[in-house]
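Colleague: Shown below is the structure under consideration.
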Amino acid sequence: SLSGMVIVCGYNSKLYNDSLSSWKRVTRTTAANGRSGSVQRTECIWINPAAQKKQERAA
1 SLSGMVIVCG
11 YNSKLYNDSL
21 SSWKRVTRTT
31 AANGRSGSVQ
41 RTECIWINPA
51 AQKKQERAA
């Protein structure tokens, strides 16, 4: 259990989705370039309730 504000960045995965199911998840699709050329990636940010409350108060 974490009492502070926490934000986790990564790619969509069952591990994160299961572990952070009570957190807000924000997704963005972006282009990534590699040896195979350009591909679409979905990047995610998981925001715990403490950080989400702080973000809402600041808005």
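Following UniProt numbering, the numbering of the sequence shown begins with 1 at its first residue and continues without gaps.
Yeah, the Cβ is synthetic: ideal placement off N, Cα and C, and Gly gets one too.
1) So what does DSSP say about N48, is it helix, strand or coil?
2) Between which two residues does the beta strand (DSSP E) carrying N33 extend?
3) Looking at C-alpha atoms only, which residue of R57, Q52, P49, C44 is the closest neighbour of V8?
4) Per the contact definition of three or more C-beta pairs closer than 8 Å, is the stretch 32-40 in contact with the stretch 6-20?
5) For G10, report the span of its beta strand (DSSP E) as first-last.
6) Are the CB atoms of I47 and Q55 nearer to each other than 8 Å?
Modeller: Let me spell this out:
1) Note: N48 maps to coil in three-state DSSP.
2) That run of the beta strand (DSSP E) goes 24-34.
3) Closest in C-alpha terms to V8, from the list R57, Q52, P49, C44, comes C44.
4) Fewer than three pairs of CB atoms, one per stretch, sit closer than 8 Å, so the stretch 6-20 makes no contact with the stretch 32-40.
5) That run of the beta strand (DSSP E) goes 7-11.
6) Less than 8 Å separates the beta-carbon of I47 from that of Q55.
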